[in-house]
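Colleague: One structure follows; several queries about it will come next.
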Amino acid sequence: MEEGRVILSAEPFALTIERLCHQLIEEHDEFENTCFVGIQEGGVALGNRIITRLSEILDGKQLLYGKMDITFYRDDFRTRQKPLRASPTEMDFIVDGKKVILIDDVLYTGRTVQAALTALNHYGRPEGVELLAMVDRRFNRHLPIQSDYVGLTIDALDDAYVSVEWAENEGEDKIIIFGSKAV
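Numbering-wise, our numbering puts 137 at position 6 of the sequence shown, and it's gapless, one number per residue.
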């Protein structure tokens with residue numbers, strides 16, 4: 132892949148995570164009757180970070196957190212050229228009657244979130260669902276889906292690729308855009 136342009140480096144990345152956590156606390160207070168669901172794989176990396184930081188801020192409070200794979204719920208899974216590799220789903224709770232906060236790294240067309248909402252139905256009927264995304268590519272939506280909590284909004288052309296990189300995997304937290312100039 133060609134070299135991309137860093138649009139968010141490590142220090143503002145950490146501040147963005149902190150801001151998202153405080154927005155969640157403002158809205159949900161003690162997170163009673165609330166659960167978090169990270170969408171595999173990028174949403175789980177973000178979810179891990181959010182849950183860890185929230186727990187620190189809330190003096191070690193244990194939060195209900197699951198990790199959901201949506202591979203076979205996608206509307207395009209049969210059209211892929213390569214064999215699909217599903218990630219594990221780790222949800223040891225039902226969402227029936229709970230406030231669910233879905234977490235994903237990049238909100239692009241909305242199709243991943245649509246698949247996650249479908250998969251979530253297998254775990255009950257939530258009281259409500261909110262979406263937290265590290266990056267919102269707002270001009271590229273195919274479905275009427277929007278994020279309730281956004282780390283960074285990017286206006287990029289369709290041929291652009293936005294990558295959220297995590298220190299645990301790539302050595303440094305950062306967001307990079309490839310292939311196009313942000314608008």
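No residue lacks a Cβ here, since even glycine has one placed at the ideal position from N, Cα and C.
Nothing here was measured: the structure is a model prediction, and the numbers come from that model.
Reducing DSSP to helix, strand and coil, say where M132 ends up.
Modeller: Position 1 of the sequence shown holds residue 132. With a pLDDT of 48 at M132, under the threshold of 50, the modelled position of this residue cannot be trusted, and the question is left open.
Colleague: Give me the Cα-Cα distance between K305 and L139, rounded to the nearest whole angstrom.
Modeller: Your numbering for residue 305 matches position 174 in the sequence shown. Your numbering for residue 139 matches position 8 in the sequence shown. C-alpha separation (whole angstroms): 5 angstroms.
Colleague: Using 8 angstroms for Cβ pairs, my map puts T243 next to D267. What's the rounded Cβ distance?
Modeller: Residue mapping note: residue 243 aligns to position 112 of the sequence shown, counting from 1. Residue mapping note: residue 267 aligns to position 136 of the sequence shown, counting from 1. No, T243 and D267 are not in contact; Cβ-Cβ is about 13 angstroms, not under 8 angstroms.
Colleague: Just to confirm my understanding: we take A298, look at its own chain, exclude 5 residues before and 5 after, and list those with CB closer than 6 angstroms. What are they?
Modeller: In the sequence shown, the residue the question calls residue 298 occupies position 167. Counting only Cβ-Cβ distances below 6 angstroms, and skipping sequence neighbours, we find D304.
Colleague: Would A246 be called buried (16 or more neighbouring beta carbons within 10 Å of its own) or exposed?
Modeller: Position 115 of the sequence shown, counted from the first residue, corresponds to residue 246. Flag for A246 reads buried.
Colleague: Can you list the beta strand (DSSP E) stretches of 3 or more residues lying completely in the stretch 139-221, in chain order?
Modeller: 165-170, 195-199, all fully within the stretch 139-221.
Colleague: Output yes or no for whether 8 angstroms exceeds the beta carbon distance between G191 and V295.
Modeller: Taking the first residue of the sequence shown as 1, we reach residue 191 at position 60. Taking the first residue of the sequence shown as 1, we reach residue 295 at position 164. Against a cut-off of 8 angstroms, the Cβ pair of V295 and G191 comes out as no contact.
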